[in-house]
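Quick notes on the structure that follows.
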Amino acid sequence: MPSRDASVGVFDSGHGGISVLRELIHRMPNEDFLYFGDSANAPYGTRETADVRRLTFAAARRLLDRGCKALVVACNTATSAAIDDLRAAYPALPVVGIEPALKPAVLAHDHVLVLATEMTLREEKFRRLLASYGGRAQIYQTPAPGIVEAVEAGDVDGPRLSAYLDRLLAPYRQVPIDAVVLGCTHFPFVREAILRSLGHPAALYDGGPGTARETCRRLEAAGLRSGRPGPGRVELTNSRPEAVAVSERLLHL
Ligand code: DGL
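Quick note on the working numbering: the sequence shown kicks off at 75 and runs consecutively.
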């Protein structure tokens, strides 16, 4: 049984999970967090599912070897590839995954654009979500690997990213898109750039806050919420150690 004073492990293919870590720190400022970004193997979204499952298990082991008391898969792609297998492999551990916030978007809007990775959009988890809520709104989907690439390079508002988004979102400028689901954890860093290229106002849906709430609930239910006064310690690690500086910058944006 891990101690309630142990860290919460947070994982993503690279820097994207930092957008979830921000929400986790906001909700539970007294917890310690250990973040692992796998930038050496990013992007995950264009890989085979089995490959992402293998990388996700390797990342989980790395965090658990450091004594983490819970695991947050802060990556929609890794969640769709491996969350069920992870839960089966670690039944005693709180394991929380993130998925595109489609439900709240379709409950409140008529024209919803889902931006995610290629793998997230093709995997069964998202297909099931679409089958449950797809009838309530007109849903458009498009993978956006160029955003992952830009954020991995530390670019959240540069001219190359803007040109990419202008091209990607051109077909949606004429459509009355009123909500955009940010279905990849790299995307919340480029909210402004997305809205600018879309050319009209839209509500943005990010799964990060809900994931932080769910993590808090799961820790409380397991009796694992830290009882120490805050602020907790946040340690950032990466499979490409020189990339930690980018994570650090994004955390404090
Ligand atoms: N940040 C990840 C997600 O939420 C994936 C990015 C990647 O392709 O590596 O889906």
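Ideal placement from N, C-alpha and C gives every residue a C-beta, glycine not left out. Predicted model only: the values in this text are computed from it and were never measured.
Please confirm whether residue i and residue j have their CB atoms less than 9 angstroms apart.
i           : j           : result
residue 49  : residue 268 : In the structure as shown, the chain starts at 75 and stops at 327, and residue 49 therefore has no counterpart that could be examined.
residue 108 : residue 316 : no
residue 230 : residue 264 : yes
residue 171 : residue 146 : yes
residue 286 : residue 185 : no
residue 218 : residue 203 : no
residue 101 : residue 305 : no
residue 224 : residue 234 : yes
Near residue i, which residues of its chain fall below 6 angstroms by C-beta distance, leaving aside the five closest residues on each side in sequence?
i           : result
residue 215 : 188, 195
residue 155 : 123, 126, 127
residue 255 : 174, 175, 176, 179, 188, 279
residue 143 : 76, 80, 298
residue 90  : 259, 260
Among the options, which residue has its Cα nearest to the Cα of residue i?
i           : options            : result
residue 289 : 77, 84, 76         : 84
residue 139 : 258, 327, 81       : 81
residue 226 : 87, 79, 78         : 87
residue 132 : 312, 325, 246, 104 : 312
residue 251 : 326, 282, 222, 212 : 212
residue 261 : 174, 183, 273, 307 : 174
residue 115 : 314, 247, 135      : 314
residue 274 : 117, 244, 160      : 244
residue 199 : 168, 248, 257      : 257
Please go through the same chain and pick out, in chain order, the residues whose beta-carbon is closer than 8 angstroms to the beta-carbon of residue i, but skip the five residues on each side of it.
i           : result
residue 120 : 191, 192, 193, 219
Just to confirm my understanding: we take residue i, look at its own chain, exclude 5 residues before and 5 after, and list those with CB closer than 7 angstroms. What are they?
i          : result
residue 36 : The structure shown does not extend to residue 36, since the chain is modelled only from 75 to 327, so the question has no answer here.
Note to self: If contact is defined by three or more beta carbon pairs under 8 angstroms, each pair taking one atom from either stretch, is the stretch 266-285 in contact with the stretch 297-314?
What the structure shows: no
Check: Are the stretch 190-210 and the stretch 150-166 touching by the rule of at least three beta carbon pairs closer than 8 angstroms?
Finding: yes
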